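Letter by letter, the sequence shown follows residues 1 to 565 of full-length UniProt numbering.
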Amino acid sequence: MSEGSKEGYGAVLQVLALSYDELPYHLKPCFLHLGNFREDEEIDVEMLYLMWIAEGMVSSDHRGTEETLTDVAERYLYEMASRSMVQLNLDEFSTNTRVKSCYLHDLMRDFCAARGKEVEFLRLLDFRGGKDPLSDFSSENFSTPARCSIILEYSEGHYHNDSMISMALEANGQLRSLLISAFFSFWWYMDSISFPQVICDSSKFKYLRVLKIEACAFKGSKLPSGIKNLIHLRFLSLKDSMFDKLPSSICQLQYLQTLDIRGPSIVVPNVLWKLKRLRHLYLGFSHRTRKGKLSFFGLSKLETLVGFVKDKDDFKDVSKLSNLRRLNSMVYIREKNEVSEILNYLNSKQHNLREVQLSISYFDSQLKEEEKIVPIKDFFTCLSLHQFSVYGGKFEFQKVEPLLFPSNLNDLSLLKCEIQGDPMDFLGKLSNLKKLILRNVDLVDRKMLICDANAFPKLLSLTLDSVPKLESWVVAKGSMPNLSDLAISLCLKLGMIPDGLRYVTTLKKLDIWMPKKFNQRTRGPDNREGVDYDKISHVPLITLEVAHLDPLSESSDSTSFYASS
């Protein structure tokens, strides 16, 4: 870097330092905490909030009526964003377009890391690219901040053994927060990481509040029972890690507020109900129990429950969780009264649910055909239901009257369902629907779909996949005025692209996986414009793949091009 560049860089850092100095006192540790993450990382704000809370960075004094600490943490992030300290990525598919992730610009991150090191807030140990941040280690020059973030890389020529990680942890002494993240060139390198046993030394890590070790392979596929010694843990994430069973001793972590064990199938002992301070629980949908159903009895503080499966977990306990705000659930419909049981809960006034993500499946069901009919109106009018997926159900759209008030549903997937009537006529009136997938559906009595002029006012993404009876699709002018992503695949009888797509000026991406004859209406031989090209010439990116009808044929041909060029 030239002298002039160094001076300019220094001047920019001084400006950033002024912005930091002007932050309210309670926001400064939240900002410095962002130095835990690597420079190109999009930070999951949901987990970020929970780590802030676990470390006591979010004040309960700032909580308003009906607010949770997570709501307060969200306001903290928005305030930093308003000061241009952090950049936000919005989740366009959420009902209120909430923040999905955040990140720091390069210079801001450089400043954040430098200031965090300067005030001994955080030590970042980055082993990527063959670097050894411990090479200059000595007891005199190695600071011992309360937080440590270790970034590892496992690839050919780069390998880090347990002793290196243990050395880093030993050197840091009394930790309050430990984050270990790893990168693998190939999946088999995951066996290179094992749980750093030194963490279970309660004399050295008795103050540890946050432990986040993800994509880890544990020795003997077992999580050390010594983890029970970390009695002050508030946040524990083992997401995507490889172990067979959660030890029963996990129930001894009586201060635990967040537990994330999403990932490969593991056995979960029926002891989680003993974690009385638990507020956020993230289970993998493939979790298992040895005997009976997983109980949540008495978890009165629980606000988030992700990965609930009605076959494996006790639904009666969930219905009594009065503080539950978010529920992500999978339900296999075995008996006809199960649907009414779910609906009674969702439509009752005895819960404080804000957001429900629900998947129901009639797969392998012994129900009669008439018992597989989905009560559309009852589900769609559940105020808390935001994401809904149905597998194997029957929909009678022609028998449903339009809703009298708006539905909060924003994400809907109908998979391998039988559909009577035109689904677009009813679904197009859902004023908050942003994402719609129709996949492997049987249009019982129709060969045409019609999107009226005012249909789908907020729809952003639409997928029509494997709708075998669909021959014609009509899109009226004014329909889908916000659509940005459209996929059409394996609708083998569909004759052409709808003429009305020419009026959907917001469309940015179009993916087509259809027979060659259909594709040539867009791009003909020698890349010439087809007869339908003018309907979609405004779309910036179009991808065409040829769907071969012969299952023994070679892989599909694929073409991507920029239509506007």
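For every residue, glycine included, the Cβ atom is placed at its ideal position computed from N, Cα and C. Fair warning: this is a prediction, and the values are worked out from it, not measured in the lab.
Give the range of the beta strand (DSSP E) segment to which residue i is assigned.
| i | result |
| --- | --- |
| Val474 | Ser472 to Val475 |
| Ser361 | Glu355 to Ser361 |
| His280 | His280 to Leu283 |
| Glu545 | Leu541 to Val546 |
| Cys451 | Met448 to Cys451 |
| Lys212 | Val210 to Ile213 |
| Phe395 | Lys394 to Glu396 |
| Tyr103 | Val99 to Tyr103 |
| Asp317 | Where Asp317 is concerned, there is no enclosing beta strand (DSSP E), although the alpha helix (DSSP H) it sits in stretches over Phe315 to Val318. |
| Lys435 | Lys435 to Arg439 |
| Lys509 | Lys509 to Met514 |
| Asp534 | First-last for Asp534: Tyr533 to Ile536, but that is the alpha helix (DSSP H), not the beta strand (DSSP E). |
| Gln387 | Leu385 to Tyr391 |
| Phe308 | Thr304 to Val309 |
| Tyr332 | Arg326 to Tyr332 |
| Asp465 | Ser461 to Asp465 |
| Ser413 | Asp411 to Leu415 |
| Asp126 | Arg123 to Asp126 |
| Gln520 | Looking at the DSSP string, Gln520 is not in any beta strand (DSSP E), and its letter there is neither H nor E. |
When you compare the CB positions of residue i and residue j, do they come within less than 8 Å of one another, or not?
| i | j | result |
| --- | --- | --- |
| Asp314 | Tyr282 | no |
| Ser241 | Lys228 | no |
| Leu431 | Ser413 | Looking at the sequence shown, residue 431 is not Leu but Ser. Contact: no. |
| Gln387 | Asp425 | no |
| Glu355 | Lys394 | no |
| Asn270 | Gly298 | no |
| Glu55 | Val309 | no |
| Leu541 | Lys508 | yes |
| Arg109 | Glu39 | yes |
| Lys516 | Val546 | yes |
| Phe397 | Asp378 | no |
| Ile180 | Ile150 | yes |
| Leu246 | Ile231 | no |
| Lys447 | Leu470 | yes |
| Leu510 | Val539 | yes |
| Asp445 | Gln420 | yes |
| Lys301 | Arg326 | no |
| Tyr76 | Leu27 | yes |
| Pro375 | Leu343 | yes |
| Ser407 | Thr381 | yes |
| Ser479 | Ala455 | yes |
| Tyr207 | Leu233 | no |
| Ser384 | Leu438 | no |
What does DSSP give as the partner residue(s) for residue i in the beta ladder?
| i | result |
| --- | --- |
| Phe111 | In the DSSP output, where bridge partners are listed per residue, Phe111 has none listed. |
| Asp364 | In the DSSP output, where bridge partners are listed per residue, Asp364 has none listed. |
| Val58 | For Val58, which the question treats as bridged, DSSP gives no partner whatsoever. |
| Arg147 | Ser177 |
| Gln87 | Tyr103 |
| Ile43 | Cys102 |
| Ile53 | DSSP output for Ile53 lists no bridge partner at all. |
| Leu490 | In DSSP, Leu490 forms no bridge with anything. |
| Leu259 | Leu236 and Leu281 |
| Ser442 | The sequence given here has Asp at residue 442, not Ser. DSSP output for Asp442 lists Glu418 as bridge partner(s). |
Could you give the residue range of the alpha helix (DSSP H) that holds residue i?
| i | result |
| --- | --- |
| Thr70 | Leu69 to Ser82 |
| Phe31 | Lys28 to His33 |
| Ser340 | Asn337 to Leu346 |
| Ile376 | Ile376 to Phe380 |
| Phe426 | Pro423 to Leu427 |
Which residue's Cα is closest to the Cα of residue i: the options?
| i | options | result |
| --- | --- | --- |
| Lys312 | Lys301, Ser94, Val331 and Leu404 | Val331 |
| Arg288 | Lys320, Asp244 and Arg502 | Asp244 |
| Glu214 | Phe363, Leu178 and Glu79 | Leu178 |
| Trp52 | Glu41, Glu42 and Asp71 | Asp71 |
| Glu74 | Phe93, Thr95 and Cys102 | Cys102 |
| Phe37 | His26, Tyr20 and Val86 | Val86 |
| Ser225 | Ile488, Cys251 and Leu302 | Cys251 |
| Leu88 | Met57, Thr144, Asp452 and Leu48 | Leu48 |
| Leu443 | Ala476, Pro402, Cys491 and Asn482 | Cys491 |
| Leu50 | Ser407, Leu32 and Gln257 | Gln257 |
| Phe218 | His26, Gln350, Ile266 and Tyr533 | Ile266 |
| Thr97 | Met480, Lys435, Leu324 and Lys477 | Lys435 |
| Asn352 | Glu369, Thr304, Ser84 and Leu238 | Thr304 |
| Val99 | Asp317, Pro145 and Glu79 | Glu79 |
Take every Cβ of the region 61-78, pair it with every Cβ of the region 117-131, and state whether three or more of those distances are shorter than 8 Å.
no
Inspect the CB distances between the region 491-506 and the region 460-470 and report whether three or more fall short of 8 Å.
Here the region 491-506 lies against the region 460-470, with 3 or more beta-carbon pairs under 8 Å apart.
Does the count of Cβ pairs from the region 479-488 and the region 519-529 closer than 8 Å reach three?
no
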